[in-house]
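**Q**
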Amino acid sequence: MRIKEHPIIDSYDKGALIEFTCDGKKLNGYEGEPVAAALEANGIKIHRYTRKRHSPRGIFCAIGRCTDCVMEVDGKPNVRTCVTPLKAGMTVKTQYGDGQREAEKE
Amino acid sequence: MSSIKADVIVIGSGIVGSSAAYNLAKEGRKVIVLEKDMIGNGGSCRNGGGVRISGRDPREIQLCAYAAKNIWPQLSDELGIDVEYKKSGYLFMGYEPAHKKMMQERVEVCSKYNIKMKIIEGDDIYKRFPYVSKHVTVAGWTQDDGVANPLKATLGYYIAARRLGVRYITGEEAVKIIKIKDDARQVLCASGNIYEGDAIIAAPGYFGKDLLKTVGIDVPMQKKLNEIIVTERAPKMFDHMIGGASGHYGQQTENGSFVFGSGSGRELFLFDKNEKTSTEQSPSFICNTLGIDIPFIKELKVVRTWSGWLDRCIDLVPVIGKIEEVPGLYVSIGSSGHGFGPGPAVGRVLSELACGRQSPVDISKLHYDRFDYVYKQDRYKEATVGGSFG
Amino acid sequence: MSEIMDRSKDIGEFIPRPDDDVIICRCEEITRGEIRKAVHMGLWTMTEVKRYLRCGMGLCQGQTCSKTVKVIIASELGIKPQELEECTARPPVRPIELGIFGNEVEKL
Amino acid sequence: MRRYNLCVIGAGPAGLSAAIEAAKTGMSVGVFDENQKAGGQLFKQIHKFFGSREHKASIRGFNIGYELLTEAKALGVDVHLDSVVIGIYDPLRITVCEDGCITNYAADNIVVATGASENTVPFEGWDLPGVLGAGAAQTMMNLHGVQPGEKIIMLGSGNVGLVVGFQLLQAGCKVEAVVDALPHVGGYGVHASKLARTGVPFYLSHSIVRAEGEDHVTGVVIAQVDSHFNFLPGTEKHFDADTVCLAVGLNPMSQLTRMAGCEMVNKGGLVPKTDKYGATTIDGLFAAGDVAGIEEASSAMITGRIAALSAAKRSGFIDEKQFEDGYNENHSSILKLRKGMFAPENRGRMDITKTDEGYPLSVSLLENGFVSDTEIRTFPGVISEEGVHPVIECTQNIPCDPCQEACRVGCIKIGEGITSLPQVNADKKCVNCGRCVAVCPGQAIFLVDEETENGFGTVTMPYEFLPLPQKGDIGVGLDRAGKAVCTAEVTDVKSRKEFDHTNLLTVKVPSEMVMKVRFYKGKEAAKHE
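Heads up: the protein sequence lines correspond to chains A, B, C and D, in order. The letter at position 22 of the first sequence is residue 22 when you use our numbering, and the numbering goes up by one with no holes. The letter at position 150 of the second sequence is residue 256 when you use our numbering, and the numbering goes up by one with no holes. The letter at position 48 of the third sequence is residue 544 when you use our numbering, and the numbering goes up by one with no holes. The letter at position 101 of the fourth sequence is residue 705 when you use our numbering, and the numbering goes up by one with no holes.
(1) Let me see if you follow: with CB-CB separation under 8 Å, is B:ARG410 close to chain A or not?
(2) Start and end of the alpha helix (DSSP H) containing B:PHE391?
(3) DSSP state of B:THR385, grouped into three classes?
(4) So, for D:ALA1048: in the same chain, excluding its five sequence neighbours on each side, which residues have a beta-carbon less than 7 Å away from its beta-carbon?
(5) Taking beta-carbon pairs under 9 Å, can you tell me which members of the stretch 45-65 of chain A lie near chain C?
(6) Taking the continuous alpha helix (DSSP H) assigned at D:LYS755, which residues delimit it?
(7) Measuring straight from C-alpha to C-alpha, what distance separates D:VAL783 and D:ASP844?
(8) So D:VAL1043 and D:ALA1010 are supposed to be a Cβ contact under 8 Å. How far apart are they, rounded?
(9) Closer than 9 Å between beta carbons: that is the criterion. Which residues of the stretch 86-100 of chain A meet it against chain B?
(10) Leaving aside the five residues before and after B:ALA305 along the sequence, list all residues of the same chain whose C-beta is less than 6 Å from its C-beta, in chain order.
(11) Between the stretch 691-721 of chain D and chain B, which residues of the former have a C-beta closer than 8 Å to a C-beta of the latter?
(12) Once you ignore the five residues that flank A:GLU5 on each side, which residues in its own chain have a CB closer than 6 Å to its CB?
(13) When you compare the CB of D:THR861 with every CB in chain A, is at least one pair closer than 8 Å?
(14) For A:VAL108, return the contacting residues in chain C, with the cut-off set at a CB-CB distance below 9 Å.
(15) On the CB-based measure, 16 or more other CB atoms within 10 Å of its CB, does D:HIS1105 come out buried or exposed?
(16) What residue does the alpha helix (DSSP H) around B:ASP230 start on, and which one ends it?
(17) For the stretch 1011-1040 of chain D, which segments carrying the beta strand (DSSP E) assignment without a break, of at least 3 residues, lie completely within its bounds, in sequence order?
(18) With distances taken between CB atoms, is the gap from B:ASP399 to B:MET199 smaller than 8 Å?
(19) Quick one: what does DSSP say D:THR743 is sitting in, helix, strand or coil?
(20) Quick check: is the beta carbon of C:PRO591 nearer than 8 Å to any beta carbon in chain F?
(21) Is DSSP giving B:CYS151 helix, strand or coil here?
(22) On the DSSP bridge assignment, give the partners of B:TYR274 in chain order.
(23) Starting from the Cα of D:GLU780, find the closest Cα among D:VAL789, D:LEU799, D:LYS755 and give me that residue.
(24) Would you mind sorting C:PRO591 into buried or exposed? The rule is 16 or more other CB atoms within 10 Å of its CB.
(25) Which residues in the same chain have their Cβ closer than 6 Å to the Cβ of D:LYS871, if we skip the five residues on either side of it in sequence?
(26) Using beta carbons (cut-off 8 Å, strictly below), is C:THR543 in contact with chain B?
(27) At the level of alpha carbons, what is the spacing between B:ASP288 and B:THR320?
(28) Taking all protein chains shown into account, decide if B:ASP421 is buried (16 or more other Cβ within 10 angstroms of its Cβ) or exposed.
(29) Which residue comes first and which comes last in the alpha helix (DSSP H) that contains D:GLY665?
(30) What in chain D is Cβ-close to A:ARG80, meaning under 9 Å?
(31) Please list, in chain order, the residues of the stretch 322-349 of chain B that have any C-beta partner in chain A closer than 7 Å.
(32) How would you list, in chain order, the residues of chain B whose beta-carbon sits under 9 Å from the beta-carbon of C:SER504?
(33) When the Cβ atoms of the stretch 830-842 of chain D are set against those of the stretch 877-888 of chain D, are three or more pairs found closer than 8 Å?
(34) Tell me the start and end of each unbroken beta strand (DSSP E) in the stretch 156-194 of chain B that is at least 3 residues and wholly inside, in chain order.
(35) Going by Cα to Cα distance, which pick from B:PHE477, B:ARG476, B:ASP478, B:SER109 is closest to B:GLN292?
(36) Apart from the five residues just before and just after B:ASP250, which ones in its own chain have a Cβ nearer than 6 Å to its Cβ?
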């Protein structure tokens, strides 16, 4: 959920409200904010399922270090969503295992 | 101080040392392995994992073929650990007529030993290997070559040998081989400990140069820093070994990472580098040349780069075998960056020799005496970079 | 230089624990039990365990798990974690696309 | 190759401070940071900092961030953002990934100020979505304006856990519990008290058994642990929660210094061995801030300046005398912070039972997160007298003194050193200005009037939540433990620019409650508890 009003922070430094998709679903987010933040704001917590155990993973460190929040972004797997800025029209997909590259999806 | 005794003292816990220890232990010999660092921390755990027969110097090709045919295919079962060996072939890529000529020479050498290597050109390359760029105009393919996981193989030998009762002592640096009368019998370590055996097998990597000098054996070699890059995992693209005439070599490992090394040409001038640091140039160079030959790799993320010393012998093939002038001493040194593939065989050869038997494969051209007189030198020429490693 | 370790020293049997199934290396999905077993197979350093099991070899390169792995290995060996040598730190600190890594540019 | 007199790696408090100090001496400075924004953790720190005026006390972290960034830019520092330093090489070279390419920079000096990352603790289900670092939660809510969850369990009672716990409340989340395996609250008592009085329970000597859930966290089971951190069977307690925040310490991000070949030492994680000037064992390579040893941001800024001065001296930008003067000033400044029971050398100590002045520490504070009614009266900041007067519930030796300066009439005195306990001087008459209440970073000062009318008194408290109560509202007064103890009527709300978002709420409560009531909730909010 987005914080509508905060007792200390007067405003968040956000870009324009834009559209992107996650697993084909149209969602809104602010340009330039991390993809992970936009997903969390839309209530999406699961970013990927792991290779061996197929267990769900989400945001863990939020600073690009742990690489747990990776997803397929614009056709590339293993993209750290917590440090990747959101752009209008971005295609985000839940990643299964190591994911697939656009080129491999024939 | 009294010495610590075993039947055989092995110096070095790399793939050769551990293979030797394993084979000896299987025969019921009591073995102690002395390792100055940790298990297999030299070239054995730091290489491209190639198990290659093609592109080899004729002097060592039989050894490599012996390893590829008689040891690697059964190794996982033998050790009870999956070493991820696959006889998946080796693709060597070239870009110009000179490379084709080099490949033809390789084909000739291979054919002498009944190894089939063929040359593929033009569209046939891209049809069979669709990920190869048009920059590649000629390629060599050897089906008998393959890949394995250096980490699993090296540590697998260690685990299996330890299970058979081999006593490994790590952090124990051998500094001197001591002769009793004519024979090499004892090993003095930096700690002051002395180990004693009926035979001493030295498989020490570059840092063994000084050790061998303590019994008057001087192998003309130098250390050379080689670097490798490792990518994130990706779905399986190919399972064979790859090498390029621009110098890179490597594989997509079983887990999906691409592991590729290369030289940037500066390696011989980096001998004073701290081992812990790779260089700022080479990884970038590897990425660049690799990206040209296999463009899709450019999208993958590099997660790690690493470096290691290789023991580069003057004629780029190792010294392997019994040192006649120092009875009781058996040596493998100077593998020059391509010792992983034959490693298990070298260990077996040394264990056979140490037991007083014959080598199961011809290693006569790898003898230490080859440096004694200049006229004995088959060739001291600088080999082309491509295909010399892995 | 490493401490002298006799790898034949008895560190006791592997005794299963109820939390052996807990993931330690999140990237490569390696469990506490796998790490503990590896120690009992003779892998007594951070580097050896990493090379054998791949814990710390995933996308994050051990930045999340290495401290925990260290504690587990040390506890199996009955030593203090500080006594274990860390795996070598190597570039690049963050995953970097190969195409970018190979694109070296001089800026003046 | 492009060369800087000083390359700074990391644009957090230490890095920016180093860059500013170096630029002032005339050095050419390049700062490199992997993030899109400079400031490191500062922009997540929405609380007021501790320390003294020289440490920018009572200023919120993000405002310090803006100050540093503006100053660095004005001094001509090149701030390279989105620039990952992937390696440090010999001789003093860094390789940077920026703008889609790799570039090498040469440096006469390097200051590594890469900060720290969060420790983790594995338990069953810790890899489920919903389990995340406390710092991660802070990043999500304070930088990006997104709640990390609704119902939160905080694991760890150190300052990070406590501060983030409070900020989660400010962001509108519910903190179900603060859990710590240690028997004592690890962070500042004042931080714990802020949480406890809102009703957040503390479970010390407890840890998380498992996080439950299929796709993400839906519940958490905690249990008591013995002194060896083994769970005690039968003590399990279940919470409905969707989020677990891990605040179990920080780990210096020292890979670059290791890579460079610095000699490392263990200081709650591997850090490069440094001398008092910040110099590592590699000539020209310095380390500052958390990467050289975990401390607060205030200390990081000072160690950054010291490292920069050392580099400036090494390269001849300042002479020996200038260096000595600069070093001494910064050194005495950091010494003030490194005193008291939370000084680096006291970290992890469980055996401190008295303050420096000899007052017994509050046992309830350490075990429950709040000072008990009887204990509070034993401290020098707590007096009872006629008329309005400050009650300072600051019971531990922490480095902080803004209250003393805030009081213009001299009611508040801090003894020797800034870690001494504040005392209230009854001889000076409080003028009810409220500045002390607003300025206290620990929100530990209250203005109490024991009797304003028959049987009633007033309590003025700091209030940093929304919605802001209005004058005339009737709600409930909560005690230090967060328990509703009486009806409370809001009689005044002060919001002034100089208070910087800390509102002063005055409530009327029965006289016997003025030394109990420390928080206010509207009737509706109280009902939801």
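All residues carry an ideal CB built from backbone N, CA and C; glycine is no exception.
**A** On the basis of the data shown:
(1) no
(2) 388-399
(3) coil
(4) VAL794, SER797, ILE996, GLU997, CYS998
(5) THR50, ARG51, LYS52, ARG53, SER55, ARG57, PHE60, CYS61, GLY64, ARG65
(6) Unbroken run through D:LYS755 is the beta strand (DSSP E), 755-759; no alpha helix (DSSP H).
(7) 15 Å
(8) 4 Å
(9) GLY97, ASP98, GLY99, GLN100
(10) VAL114, GLY434, ALA460
(11) GLY691, TYR693, ASP694, ARG697, THR699, ILE706, ASN708
(12) none
(13) no
(14) No statement about residue 108 of chain A is possible, as the shown extent of chain A runs from 1 to 106 and does not include it.
(15) buried
(16) 229-234
(17) 1016-1018, 1026-1028
(18) yes
(19) helix
(20) Note that chain F does not occur in the displayed structure, where the protein chains are A, B, C and D.
(21) helix
(22) B:VAL139
(23) D:LYS755
(24) buried
(25) GLY897
(26) yes
(27) 14 Å
(28) buried
(29) 665-678
(30) Neighbours of A:ARG80 on chain D: none; closest Cβ ~11 Å, over 9 Å.
(31) GLU338, ARG339, ALA340, PRO341
(32) ARG268, GLY271, VAL272, ARG273, TYR274, ILE275
(33) no
(34) none
(35) B:SER109
(36) ILE159, ILE221
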